[in-house]
Amino acid sequence: MKSKINSFYHKALSYFGPQHWWPADSPFEVIVGAILTQNTNWSNVERAINNLKASKLLYPRSLYNLTDRKLAKFIRPTGYFNIKAKRLKNFLKFLIRRYRGSIKRMSQARFNGLRKDLLGVNGIGPETADSILLYALNKPVFVVDAYTKRILLRHKLINETAGYEEIQNLFRHSLKRDVKLFNEYHALLVRIGKEFCFKNNPKCLRCPLSE
DNA sequence: TGCCAGGCCGGGT
DNA sequence: ACCCGGCATGGC
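Each residue of the first sequence is one higher than the one before, counting from 731 in this note's numbering.
Take a look at the structure:
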């Protein structure tokens, strides 16, 4: 089990090479992307972020000062734009009030408290919180997503009932606690999921992990 | 045409 | 503690 988790990583890395995640120009952009990509194709998120950049709005206070309706207009391509506008502003309010709008100050908070606080923001669940912690703040926490679960399920390392924590613990107990490793591994799982492990297929298709 | 995409919340059991 | 409907655009 542990050795499978480790060998999957080496197989995936040698097959695909490093993924250079998260694709963004700043930690703040990572966070915005993490919220916007909830159940949404990444290419749609890029459009939304480009809309914000084109209007020079991709800053905490600039976004926070927009009305929900205006913000929703910019992020329209991501779908769920009304609810995501609210969710973004919920996070921005948290960032501004608690850390005076500074990602750097937020990143200096103690890990356990910060994760709990992020989960307390309406619209931030476990995957989004952990994506923020790992990819924006460089904290060593493993991100679990739909691809992660599906891939492990197809390879019978978990069963259908496995929840977020259970899957996360599987990685935590199998891997060296290392930001770079967690970053790369999750990115590789997404890559494999997109190219080999489709939802409607019962099995992964010529999955490089099976070699 | 219908299904899918890097979830999460709120109300009901 | 789970289960489920709702949220919505763009690509194939």
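Each residue gets a CB set at the ideal place from its N, CA and C atoms; glycine is no exception.
- By the criterion of a C-beta distance shorter than 6 Å, phenylalanine 811 is surrounded in its chain by Ala802 and Ile805, once the five residues flanking it on both sides are discounted.
- Measuring C-alpha to C-alpha distances from aspartate 847 to each of Pro870, Phe872 and Asn820 identifies Asn820 as the nearest.
- Asparagine 820 carries a helical assignment under DSSP once its states are collapsed to helix, strand and coil.
- The stretch 740 to 749 and the stretch 925 to 940 touch, with no fewer than 3 CB-CB distances between them shorter than 8 Å.
- Here histidine 916 carries a helix assignment [DSSP, helix/strand/coil].
- For the alpha helix (DSSP H) assignment, the uninterrupted runs of no fewer than 4 residues enclosed by the stretch 882 to 913 are, from N- to C-terminal side, 894 to 904.
- The beta carbon of valine 909 is closer than 8 Å to those of Leu864, Asn868, Lys869 and Pro870 in its chain, skipping five residues each way along the sequence.
- For cysteine 934 and glycine 923, the gap between their C-alpha atoms comes out near 8 Å.
- Serine 744 sits in a helix when the DSSP states are folded into three classes.
- By the C-beta criterion, the stretch 833 to 852 is judged not to be in contact with the stretch 884 to 894, since fewer than 3 inter-stretch pairs fall below 8 Å.
- Relative to the Cα of asparagine 781, the nearest Cα in the group Gly850, Leu793 and Ala876 belongs to Leu793.
- Of the other Cβ atoms in all chains shown, 16 or more fall within 10 Å of the Cβ of tryptophan 752; this residue is therefore buried.
- The Cβ atoms of glycine 853 and isoleucine 765 lie closer than 8 Å to each other.
- 8 Å or more divides the Cβ of leucine 787 from the Cβ of isoleucine 779.
- Look at serine 733 here: in three-state DSSP terms it is helix.
- Take tyrosine 915, set aside five residues on each side of it, and the residues of its chain with a beta-carbon closer than 6 Å to its own are Tyr739, in chain order.
- A check of alpha carbon separations from isoleucine 897 across Pro856, Arg799, Lys834 and Asp755 identifies Pro856 as the nearest.
- Separation of the CB atoms of proline 790 and phenylalanine 824 is rounded to 10 Å, and the pair is thereby denied contact status at 8 Å.
- For phenylalanine 928, the secondary structure class from DSSP, reduced to helix, strand or coil, is coil.
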